[in-house]
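First up is the structure itself, then whatever we jot down about it.
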């Protein structure tokens with residue numbers, strides 16, 4: 039199969055190139071491929087004639103989105119519109135990557151996991167722009183699949199896991215790590231496996247949550263990472279308020295995998311995926 043990956047040079051894109059190596063891969067990334075080029079991008083895609091487009095390209099730095107709203111919407115909404123138009127024009131199937139940030143992160147009870155049918159209410163520019171992209175894709179291409187992921191890490195980084203592994207190997211004062219935000223740490227390998235599974239399901243469309251199973255806090259994730267790496271630097275829990283950021287962080291953005299489970303597919307637990315990753319990355 040001929041597969042075009044937007045943002046193919048990024049962390050997820052690099053993993054997809056490796057995991058989909060048996061297919062013909064087109065890496066669509068800057069400067070040659072610009073998803074904000076309304077006519078040029080569609081023309082290039084139609085010339086390439088992919089059978090599947092995996093749309094990873096996005097503005098993902100949450101705080102940068104907060105301080106540059108116009109750019110965030112140009113990339114995450116307008117760019118997604120152009121990718122959907124390109125898929126429609128050349129008859130390609132579309133898998134678009136989205137985010138847990140489309141939800142408010144303020145659940146009515148704990149523990150909580152958001153399902154595919156819950157109504158998004160983003161609290162950040164990043165979340166709002168990604169949700170706008172979801173809506174644009176569903177309006178133009180209802181048969182597209184939108185895969186929401188979260189707390190991503192993968193080979194080569196950059197990611198929270200890489201940052202904490204580096205800090206944990208250094209001597210110094212105890213590391214303060216937030217312990218009141220919950221989510222699903224998810225490896226790019228897990229996402230690639232979800233995509234490979236969905237490639238076999240031609241009748242699936244709409245929203246699919248594709249994170250690892252089980253949830254934890256950033257503190258829990260750090261403690262488990264240090265255990266796996268044998269790092270002795272002390273880690274202490276702290277509250278979100280101790281780290282002032284332009285964009286508010288969701289207190290719980292864990293995702294329920296209702297669609298995948300109905301299809302008989304289960305993603306690995308986050309602890310197992312992390313252990314597998316540590317063996318090959320560090």
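Residue numbers (my numbering): 39 to 320. Where a beta carbon is used, it is the ideal one built from N, C-alpha and C, also for glycine.
Straight-line spacing of the CA atoms in residue 166 and residue 319 works out to 33 Å.
Residue 257 and residue 78 have their C-alpha atoms some 45 Å from each other. In this structure, the straight-line span from the alpha carbon of residue 55 to that of residue 200 is close to 21 Å. For the region 232 to 315, the full-length alpha helix (DSSP H) segments reaching 4 residues or more read 256 to 267, 296 to 300 along the chain. Per DSSP, residue 109 lies in no beta strand (DSSP E) segment; the continuous alpha helix (DSSP H) that holds it begins and ends at 107 to 111. Within 10 angstroms of the beta-carbon of residue 99 lie fewer than 16 other beta-carbons, which makes it exposed. Here the C-alpha atom of residue 242 lies approximately 35 Å from the C-alpha atom of residue 106. Taking residue 68 as the centre and dropping the five residues before and after it, the same chain places no C-beta closer than 6 Å to its C-beta. The alpha-carbon of residue 287 is positioned some 29 Å away from that of residue 43. Burial is judged here by how many other beta carbons sit within 10 angstroms of a residue's own beta carbon; residue 101 has fewer than 16 and is exposed. Non-local C-beta neighbours of residue 84 in its own chain, meaning closer than 8 Å and more than five positions away in sequence, comprise 124, 127, 128, ordered along the chain.
Leaving aside the five residues that flank residue 161 on each side, the residues in its chain whose CB is nearer than 6 Å to its CB run, in chain order, 142, 286. By the neighbour-count criterion, in which 16 or more other beta carbons inside 10 Å mark a residue as buried, residue 208 falls on the exposed side. Shown here, residue 169 sits in a helix according to DSSP, grouped into three states. For residue 141, no beta strand (DSSP E) encloses it, and the DSSP letter there is neither H nor E. In this structure residue 280 touches residue 214 by the C-beta definition: roughly 7 Å separates them, less than 8 Å. Cβ-Cβ separation between residue 188 and residue 293: approximately 6 Å, consistent with a contact (criterion under 8 Å). In the displayed model, residue 41 falls within a strand according to three-state DSSP. For residue 205, the enclosing alpha helix (DSSP H) covers residues 198 to 206. In this structure, DSSP gives residue 123 a helical state, which the three-state scheme calls helix. By the beta-carbon neighbour count (other beta carbons within 10 angstroms, threshold 16), residue 138 is buried. With 16 or more other Cβ atoms inside 10 Å of its own Cβ, residue 163 counts as buried. Residue 220 is classed as buried because its beta carbon has at least 16 other beta carbons within 10 Å across all chains shown.
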